[in-house]
Amino acid sequence: MTQNRSFLRNFFLYKCLFALTFWNHVSLSVEDELSTSVSNNFPEDGSNQKIKSLPHLYTTSHQSKANFDWVVIQNTTESLSLSEITNDNVKKLITLLSNFRQGSGLQNLTLTNVSVDWNALMEVFQTVWHSSIEYFNINSVTQLSHITSYDFDYSGTSMKALTMKKIQITDLYFTQDDLYRIFADMNIADMTIADSEMIHMLCPSSKSPFRYLNFLKNDLTDFLFQKCDNLLQLETLILQKNKFESLRKVSFMTSRMKSLKYLDMSNNLLRHDGTKFEILQCQWAVPWYVRMMWQWTQTKRRAWHNPAGDQGLALQFHAFISYSERDSLWVKNELIPNLEKGEGCVQLCQHERNFIPGKSIVENIINCIEKSYKSIFVLSPNFVQSEWCHYELYFAHHKLFSENSNSLILILLEPIPPYLIPARYHKLKALMAKRTYLEWPKERSKCALFWANLRAAISINLPKTEENCYEETD
2 MTQNRSFLRN
12 FFLYKCLFAL
22 TFWNHVSLSV
32 EDELSTSVSN
42 NFPEDGSNQK
52 IKSLPHLYTT
62 SHQSKANFDW
72 VVIQNTTESL
82 SLSEITNDNV
92 KKLITLLSNF
102 RQGSGLQNLT
112 LTNVSVDWNA
122 LMEVFQTVWH
132 SSIEYFNINS
142 VTQLSHITSY
152 DFDYSGTSMK
162 ALTMKKIQIT
172 DLYFTQDDLY
182 RIFADMNIAD
192 MTIADSEMIH
202 MLCPSSKSPF
212 RYLNFLKNDL
222 TDFLFQKCDN
232 LLQLETLILQ
242 KNKFESLRKV
252 SFMTSRMKSL
262 KYLDMSNNLL
272 RHDGTKFEIL
282 QCQWAVPWYV
292 RMMWQWTQTK
302 RRAWHNPAGD
312 QGLALQFHAF
322 ISYSERDSLW
332 VKNELIPNLE
342 KGEGCVQLCQ
352 HERNFIPGKS
362 IVENIINCIE
372 KSYKSIFVLS
382 PNFVQSEWCH
392 YELYFAHHKL
402 FSENSNSLIL
412 ILLEPIPPYL
422 IPARYHKLKA
432 LMAKRTYLEW
442 PKERSKCALF
452 WANLRAAISI
462 NLPKTEENCY
472 EETD
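Per this note's numbering, residue 2 is the first one in the sequence shown, and the count goes up by one each step.
Laid out in structure tokens, this is it:
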């Protein structure tokens, strides 16, 4: 009986020793009452050991540092976060990751404070590529040097998303394609390279599955993805805080991205470099308003110097209509016939028939608003996407305050979700919040009341001009 107990005790101790040896790749210094420590003699060749997951020797609220290795930030069956990866311990890391083959439990890997050379980093990427890891985050990579061509194997991966932030390259002389080609040809759906002073990215060599690209806070320029036909599935492209300048080249770049739904170009000094519509410049808000005020001043100055006979009556129209071309059918089939027909004819100023040839569009807008008692704005999602509608709203709003008049009439043709209203339409947001507006009814039975309210809002006596009025016929 005593011999059996001795045998069982020795067997138990042997199993414990074997378990500790089995996990000797993790070296922790956990400060508790027992101060448990695990050996750090991890074999670099990984022979005779099959690792399925890291041991859970501590909760994720602890941060523990190995005596000679990396810092373990998080350790669960699905997530692993390590810090302080260097050329001295990167081989151990590669050996560790090579044990997480596809089908194992680890899905999320985060590496922080990585200081290795190019080949070592590529070995890490290649190992992760063929592992079970789906989401790979790597932050603060320094001392990235000796960049050369690397034959990356893109076959068979579980990876879905790659995020890299704060990548610092110390190699001054290398072939750009050797660096960018590795990432451009990754057949994954989601990639982020942010805050890394990246100056370029190559077009993928073949049709790419990229659906989300985030290049926030880099040094990318107008040469990005020019003549690139392989981003057909891309839906989201974030290029905020880069060095783009040409709105024309940005437009050319995105014209080939047939699935693109969201583009963020904020915090770039963009300009329109064409020669036809110089007024359409995309710059900061203050220069835009300065240009608009200059146009207003120039038009008023010309009107002041023109002979009185050329100016005609101060008010020639009941209302000027501002609308998007995409809503023109409603304006022509509903608004104009219902206001210009029958008794109490309303004289409307419409750009198609009242703009004067030879004058600039902006000057025509200002003149029409000046000669109209009211300005009617037909609001819809199409309206807020029109640059010319923005100009018309701006000048009408300026008249509202400069003359202290009640000259704006808002018609809500279709509901406008707040997220669709661009930042430059802050005046429209303010107007819709403070002023009542007429809403186009869906039921035809309510249309008569709508037209009555609109006529009442316009109400003013002007000399009747029959040529602008519809005649009722039986």
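Note that CB positions come from ideal geometry on N, CA and C, so glycine has one too. Given the structure is predicted, the values throughout are model-derived calculations rather than measurements.
Using 8 Å as the Cβ pair cut-off and three pairs as the minimum, do the segment 215-231 and the segment 171-179 touch?
-> no
Kindly list the residues whose CB is nearer than 7 Å to the CB of LYS430, restricted to its own chain and excluding five residues on each side of it in sequence; keep chain order.
-> Here residue 430 refers to the residue found at position 429 when the sequence shown is read from its first residue. These residues qualify, in order along the chain: ILE422.
The alpha helix (DSSP H) spanning LEU122 covers which residue range?
-> Residue mapping note: residue 122 aligns to position 121 of the sequence shown, counting from 1. Where LEU122 is concerned, the enclosing alpha helix (DSSP H) stretches over 119-130.
Quick one: using the 10 Å Cβ neighbour count with 16 as the cut-off for buried, is GLU393 buried or exposed?
-> For this step, residue 393 is matched to residue 392 along the sequence shown. Buried.
Near THR128, which residues of its chain fall below 7 Å by C-beta distance, leaving aside the five closest residues on each side in sequence?
-> On the sequence shown, residue 128 is found 127 positions in, with the first residue counted as 1. So the qualifying residues of the chain are ILE95, LEU98, SER99.
Look at the Cβ atom of PHE384, then the Cβ atom of SER329, and state whether they are nearer than 8 Å.
-> Translated into positions along the sequence shown, residue 384 becomes position 383. Translated into positions along the sequence shown, residue 329 becomes position 328. Cβ atoms of PHE384 and SER329: not closer than 8 Å.
When you compare each of HIS352, ASP265, ASP118, SER159 to VAL91 by their alpha carbons, which one comes out closest?
-> Reading the sequence shown from its first residue, position 90 is the one you call residue 91. Ranking HIS352, ASP265, ASP118, SER159 by Cα distance to VAL91 puts ASP118 first.
In terms of residues, what are the limits of the beta strand (DSSP E) holding ALA185?
-> Position 184 of the sequence shown, counting from 1, holds the residue named residue 185. Looking at the DSSP string, ALA185 is not in any beta strand (DSSP E); the run it does join, the alpha helix (DSSP H), is 177-185.
Mapping DSSP to helix, strand and coil, what is MET160?
-> Locating residue 160 in the sequence shown gives position 159, counting from the first residue. Looking at MET160 - three-state DSSP - the assignment turns out to be coil, as it is neither helix nor strand.
ASP265, DSSP secondary structure in three states | Mapped onto the sequence shown, residue 265 falls at position 264. Note: ASP265 maps to strand in three-state DSSP.
Do MET165 and ILE139 come within 8 Å of each other at the CB atom, strictly closer than that value?
-> In the sequence shown, residue 139 corresponds to position 138, counting from 1. In the sequence shown, residue 165 corresponds to position 164, counting from 1. Closer than 8 Å, so yes.
Over what stretch of residues does the beta strand (DSSP E) that includes LEU413 continue unbroken?
-> As a working note, residue 413 is residue 412 in the sequence shown. Taken as a continuous stretch (DSSP letters only), the beta strand (DSSP E) holding LEU413 covers 409-413.
So, helix, strand or coil for ASP242, using DSSP?
-> On the sequence shown, residue 242 is found 241 positions in, with the first residue counted as 1. One point to set straight first is that residue 242 is Lys, not Asp, in the sequence displayed. It is coil, neither helix nor strand.
Report the partner residues of ASN100 according to the DSSP bridge assignment.
-> Start at 1 with the first residue of the sequence shown, and residue 100 comes out as number 99. Answer is none; ASN100 lacks a bridge partner.
Exposed or buried, PRO418, counting other C-beta atoms within 10 Å across all chains shown (16 or more means buried)?
-> To locate residue 418, count along the sequence shown from 1; it is residue 417. Exposed: under 16 other Cβ atoms inside 10 Å.
Are there 16 or more other CB atoms within 10 angstroms of the CB of ILE410, so buried, or fewer, so exposed?
-> As a first step, residue 410 is located in the sequence shown; it is residue number 409 there, counting from the start. ILE410 is buried by the Cβ-count criterion.
Which of helix, strand or coil DSSP assigns to VAL73 | As a working mapping, residue 73 is identified with position 72 in the sequence shown. In this structure, VAL73 counts as strand in the three-state DSSP scheme.
Nearest neighbour of GLN103, chosen from SER116, ASN269, LEU271, HIS131 [CA to CA] | In the sequence shown, residue 103 corresponds to position 102, counting from 1. Among SER116, ASN269, LEU271, HIS131, the Cα nearest to that of GLN103 is on HIS131.
Beta-carbon proximity check, ILE412 vs VAL379, cutoff 8 Å | Your numbering for residue 412 matches position 411 in the sequence shown. Your numbering for residue 379 matches position 378 in the sequence shown. Cβ atoms of ILE412 and VAL379: closer than 8 Å.
Alpha helix (DSSP H) containing MET254: first to last residue?
-> Indexing the sequence shown from 1 puts residue 254 at position 253. Element bounds for MET254: 248-256.
For GLN144, collect the residues of the same chain with a Cβ closer than 6 Å to its Cβ; drop the 5 residues on either side in sequence, then sort them by chain order.
-> Working through the sequence shown from its first residue, we reach residue 144 at position 143. Excluding residues within five positions, the ones whose Cβ falls inside 6 Å are SER116, THR171.
Where does HIS391 land, buried or exposed, given buried means 16+ other C-beta within 10 angstroms?
-> Translated into the one-based positions of the sequence shown, residue 391 becomes position 390. Flag for HIS391 reads buried.
Kindly give me the distance between the Cβ atoms of ASN231 and PRO210, rounded to whole angstroms, as I take these residues to be in contact under 8 Å.
-> Against the sequence shown, residue 231 aligns to sequence position 230. Against the sequence shown, residue 210 aligns to sequence position 209. Not really, about 10 Å apart at Cβ, beyond 8 Å.
Could you have a look at GLU85 and say whether DSSP puts it in helix, strand or coil?
-> Looking up residue 85 in the sequence shown gives position 84. Looking at GLU85 - three-state DSSP - the assignment turns out to be strand.
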